[in-house]
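Enquirer: Just passing along the structure, written as structure tokens.
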Amino acid sequence: MKRPIPVYEPLYKLKPIAENIWIVDGDLIEMDAVVTVLPFSTRMTVIKLANSQLWCHSPIAPNEVLYNQLDALGPVAHLISPNKIHYAYIADWKKRYPEAIAWSSPGVEQRAAKQKIPVAFDDQLTDKTPEAWAGQIDQLIFKGSAFIEEAVFFHKASQTLILTDLIENFETEHFPSWLRRKAYKLARIAAPDGQTPIDYRMTFIGHQRQAKECLEKLLAWQSEKIILAHGRCFLENGSAELRRALRWIR
Ligand SMILES: [Fe+2]
4 MKRPIPVYEP
14 LYKLKPIAEN
24 IWIVDGDLIE
34 MDAVVTVLPF
44 STRMTVIKLA
54 NSQLWCHSPI
64 APNEVLYNQL
74 DALGPVAHLI
84 SPNKIHYAYI
94 ADWKKRYPEA
104 IAWSSPGVEQ
114 RAAKQKIPVA
124 FDDQLTDKTP
134 EAWAGQIDQL
144 IFKGSAFIEE
154 AVFFHKASQT
164 LILTDLIENF
174 ETEHFPSWLR
184 RKAYKLARIA
194 APDGQTPIDY
204 RMTFIGHQRQ
214 AKECLEKLLA
224 WQSEKIILAH
234 GRCFLENGSA
244 ELRRALRWIR
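Read in order, the letters of the sequence shown correspond to residues 4 to 253 in the numbering used here.
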């Protein structure tokens, strides 16, 4: 079957970004967007903590091939829902790794209950970095949106910022449909100028000051690389890309 937008082959394979940090690309999912349902490529991030435990951000639809690679790397210990629309597969992962801690993002439990997707979270992500990864990964809740508060992370050793939907950067030049290319461009999520999706951005109206404060904190981390959940990552000049992509925050 031909996919409506390309994926990042090979799928379900650990791809190193730097020492102790990998991404894994998954297949497409359909998500509600401005006026319609759009296909999105999926991506998770895996960090090996100092004690060899694995920290898994926005886990994708899992399979045995992926589980086996992770099992060879270390024990899966943390399952991160970075925002309330990224959680759908955590229940599957928790079944496979019942000892892992499932971390909730603001509003995700209510969202999951509304969508009738049962997920049992064990702990909550806040602005305070948990003991389990303190000193290795910094975090903050990106505030200012009336709809979605995303937890953002910074892997200190590799100077890598890990975002979910705050920036999306689809390589629309590879899309088969002209109309789809246009739609993603209008939504401001087309590379090389991928930004915050326009519908997400509109939910910040009236709360830009909070967003600005969060952006300042992100910039202070001085990212070299930025991992995104959707589209092409920025593997150099992270801070400059962050400034460019979030220039709508004034
Ligand atoms: Fe997303």
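Beta carbons: idealized from backbone N, C-alpha and C, even for Gly.
What does DSSP give as the partner residue(s) for residue 45 in the beta ladder?
Expert: For the purposes of this step, residue 45 is taken as the residue at position 42 of the sequence shown. DSSP, once it has assigned bridges, lists 29 as partnering residue 45.
Enquirer: By alpha-carbon positions, which one of 127, 76, 6 and 21 ends up nearest to residue 230?
Expert: If you number the sequence shown from 1, residue 230 lands on position 227. Comparing Cα positions, the closest option is 21.
Enquirer: Are residue 125 and residue 105 closer than 7 angstroms when you measure CB to CB?
Expert: Walking along the sequence shown from the start, residue 125 turns up at place 122. Walking along the sequence shown from the start, residue 105 turns up at place 102. Taking 7 angstroms as the Cβ cut-off, residue 125 and residue 105 qualify as a contacting pair.
Enquirer: Are the Cβ atoms of residue 59 and residue 82 separated by less than 7 angstroms?
Expert: The sequence position of residue 59 within the sequence shown is 56, counting from 1. The sequence position of residue 82 within the sequence shown is 79, counting from 1. Result yes, Cβ atoms of residue 59 and residue 82 sit closer than 7 angstroms.
Enquirer: Which residue spans inside the region 106-133 form an unbroken beta strand (DSSP E) run of at least 3?
Expert: Entirely contained in the region 106-133, not one beta strand (DSSP E) run reaches 3 residues.
Enquirer: To the nearest angstrom, how far is the alpha carbon of residue 190 from that of residue 200?
Expert: Position 187 of the sequence shown, counted from the first residue, corresponds to residue 190. Position 197 of the sequence shown, counted from the first residue, corresponds to residue 200. Roughly 5 angstroms between the two C-alpha positions.
Enquirer: Could you check whether the Cβ of residue 168 sits closer than 6 angstroms to any heavy atom belonging to ligand 1?
Expert: Indexing the sequence shown from 1 puts residue 168 at position 165. For ligand 1, at least one heavy atom lies less than 6 angstroms from the Cβ of residue 168.
Enquirer: Which one or two residues does DSSP pair with residue 58 in a beta bridge?
Expert: If you number the sequence shown from 1, residue 58 lands on position 55. Residue 58 is bridged to 50 and 81.
Enquirer: Around the C-beta of residue 253, are 16 or more other C-beta atoms found within 10 angstroms, so that it is buried, or is it exposed?
Expert: Reading the sequence shown from its first residue, position 250 is the one you call residue 253. Result: exposed.
Enquirer: Could you check whether the Cβ of residue 232 sits closer than 6 angstroms to any heavy atom belonging to ligand 1?
Expert: Along the sequence shown, read from residue 1 onward, the residue named residue 232 stands at position 229. Yes, ligand 1 has a heavy atom inside 6 angstroms of this Cβ.
Enquirer: Give the range of the beta strand (DSSP E) segment to which residue 142 is assigned.
Expert: Translated into positions along the sequence shown, residue 142 becomes position 139. Run containing residue 142: 140-145, per the beta strand (DSSP E) assignment.
Enquirer: Are the CB atoms of residue 178 and residue 24 nearer to each other than 7 angstroms?
Expert: What you label residue 178 is simply residue 175 of the sequence shown in a count that begins at 1. What you label residue 24 is simply residue 21 of the sequence shown in a count that begins at 1. Not in contact: residue 178 and residue 24 (Cβ atoms no closer than 7 angstroms).
Enquirer: Nearest to residue 172 by alpha carbon, out of 68, 88, 62 and 238?
Expert: As a first step, residue 172 must be located in the sequence shown, where it is residue number 169. Among 68, 88, 62 and 238, the Cα nearest to that of residue 172 is on 238.
Enquirer: May I have the straight-line CA-CA distance separating residue 90 from residue 84, to the nearest angstrom?
Expert: Numbered from its first residue, the sequence shown carries residue 90 at position 87. Numbered from its first residue, the sequence shown carries residue 84 at position 81. Taking the straight line joining both Cα atoms gives about 5 angstroms.
Enquirer: Thinking C-beta only, is residue 226 closer than 7 angstroms to residue 164?
Expert: If you number the sequence shown from 1, residue 164 lands on position 161. If you number the sequence shown from 1, residue 226 lands on position 223. For residue 164 and residue 226, yes; Cβs fall inside 7 angstroms.
Enquirer: If you check the beta carbons only, do residue 210 and residue 147 fall under 7 angstroms apart?
Expert: Mapped onto the sequence shown, residue 210 falls at position 207. Mapped onto the sequence shown, residue 147 falls at position 144. It is a contact, given that the beta carbons lie within the stated cut-off.
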